[in-house]
Each structure stands twice: as structure tokens, then as C-alpha cells.
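K.L.:
Just passing along the structure, written as C-alpha cells.
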Amino acid sequence: MIIKGECRMYRTFITSISLQHQLDKHIYEPRNFELVGNVETAFPIIPIIKEFMERPDNVRIITIRTENSDTTENYNKLVEELADLGINEDQVKKVVLTEDQMEVEAKALMSIVDAIDEDSIAYADITYGTKPMSAAILYSMSVVEYLKDVETGGIYYGEIQRKEGKAVSSYLYETTCCKRIMDFLVSIDKLGIDKRREALKTIFNL
């Protein structure tokens, strides 16, 4: 996890736009990390932006959506919530995936990588969108670090628990550790370390 502090790099926040009609707002309770100030939102990326942005003009937003009328409506709702944080729509880069790109996951992944600016710390929300889209966002966080001067700040997932069709609780999870484990395995492989499982357990306290 990136420790907050003065940084000249862009803070880039990536989220897919939900296909769900009429998104409700929730307060997402962080489960395995801390948020200094939380807010009610329809988009789990919003409290992450609020937590890690140093100033609004240093923020870049990447939205990923398919060509669907509901995603347009939900995109507009996101823009409204961003405005409450002092972030303008001209800071938002829109990635609209075509049917062809969704059928070929590598194209979707590279569309995300191409949208991330150099000199960025990137934070991704994988809550919304199709499962292939969430996978593309997740893996793009590893690929972009090899291709650009970009560091992953965090990967997050929002969950709404329902009972009889009504939301009873909302949680926000940080899932960055899964990526860190793979990064670590790549590193120790380059070093020629044989006892990889033991090293993994020691470093991650497993």
C-alpha cells in the first residue's frame, strides 16, 4: 500500500461503470484497511479518491464502460459525485469498450493500460462491470507497471450484502495483497530462490 504524502506523480483512479439501473448510495465500511473519512456513495471508488488524492488538480479518473444506455446514466452520476470532491469532468478519461474488445480480453486490458498516464500511482475499483472486465482491470495493474512509470496504489472491491432484496450492509475490501504475492514470486524467481513457498509464508505472515 502507498503511504500518503507529498508526491508529484498523478493519482489515477480507475473504475468500471455499473450496468445496474438506478444505483443506490451506501456507506461502504472498510474491512481490511482504514479510511480516515468515509462518504455515502453509489461508487466504491469515491471514498478511495477522497482518501488518497492530495489535491483535485493532480487527479486523473479513468472510467471503463460498455456501449449501454444505463452506463451513460451511471457515468453522469459519477461525474456529479466527482464534482463534490472538486474534480472536473475534463479530468476524466472515458474508455468505452466495443463488443469486439469485450470478446478479446487482451484488447480490453490494453485499452485500460493505454489510458493510464505515465508518472502515476494507480488505484483500481473492480466492483462493477462484467467479470471479464473486472479481470482486465485487475491484470492491467500488473501489466502497466512493466510498460510505464506507474505504481499500483491499491485494488478495491465493494460488496453489498442483501436480505430479502434489501441492502443490509456494505463493505469495501482492499485486494492488493493478491497482486503483491504474484509480484513477490516473480522477484524471487529472478533471484533464483528455491524455497519459494517458505519465503512467501515468511514475507506475508501466512
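Whatever position you read off the sequence shown (first residue = 1), add 9 for our numbering. Every residue gets a Cβ at the ideal spot worked out from N, C-alpha and C, and that includes glycine.
If I measure Cβ to Cβ from residue 45 and keep anything under 8 Å in the same chain, skipping five residues before and after, which residues do I get?
P.N.:
Closer than 8 Å at Cβ, skipping near neighbours: 60.
K.L.:
Measure the alpha-carbon distance for residue 12 versus residue 131 and round it to whole angstroms.
P.N.:
For residue 12, the pLDDT reaches just 44, beneath the cut-off of 50, and the residue's location in the model is therefore unreliable, leaving the point undetermined.
K.L.:
How big is the Cα-Cα spacing for residue 129 and residue 172?
P.N.:
When rounded, the distance between both Cα atoms is 40 Å.
K.L.:
Per the contact definition of three or more C-beta pairs closer than 8 Å, is the region 50 to 66 in contact with the region 151 to 165?
P.N.:
The region 151 to 165 vs the region 50 to 66: in contact.
K.L.:
So, does the region 137 to 152 touch the region 20 to 32, judging by three or more C-beta pairs under 8 Å?
P.N.:
Yes: at least three Cβ pairs fall under 8 Å.
K.L.:
Alpha carbon to alpha carbon, how far is residue 91 from residue 127?
P.N.:
Approximately 22 Å between the Cα atoms of the pair.
K.L.:
Buried or exposed, going by whether 16 or more other CB atoms sit within 10 Å of the CB of residue 178?
P.N.:
With fewer than 16 other Cβ atoms within 10 Å, it is exposed.
K.L.:
When you compare only the Cα positions, how much space is there between residue 10 and residue 198?
P.N.:
Because residue 10 carries a pLDDT of 44, less than 50, the predicted location of this residue cannot be relied on, and the following value inherits that uncertainty. When rounded, the distance between both Cα atoms is 22 Å.
K.L.:
Taking the straight line between their C-alpha atoms, what separation do you get for residue 85 and residue 47?
P.N.:
Rounded to whole angstroms, residue 85 to residue 47 spans 21 Å at the Cα level.
K.L.:
With residue 144 and residue 114 assumed to form a contact (beta carbons below 8 Å), what rounded beta-carbon distance in angstroms separates them?
P.N.:
Residue 144 to residue 114, Cβ: 7 Å. Contact.
K.L.:
Could you compute how far the alpha carbon of residue 106 sits from the alpha carbon of residue 120?
P.N.:
For residue 106 and residue 120, the distance between alpha carbons rounds to 8 Å.
K.L.:
According to DSSP, residue 164 sits in a beta bridge with which residue or residues?
P.N.:
133.
K.L.:
Report the residue from 64, 204, 30 and 74 whose alpha carbon sits nearest the alpha carbon of residue 140.
P.N.:
Selected option, being the one with the closest Cα: 74.
K.L.:
DSSP state of residue 105, grouped into three classes?
P.N.:
Strand.
K.L.:
What residues in its chain sit with their C-beta under 6 Å from that of residue 135, if we drop five residues either side in the sequence?
P.N.:
Hits under 6 Å: 143, 146, 147 and 166.
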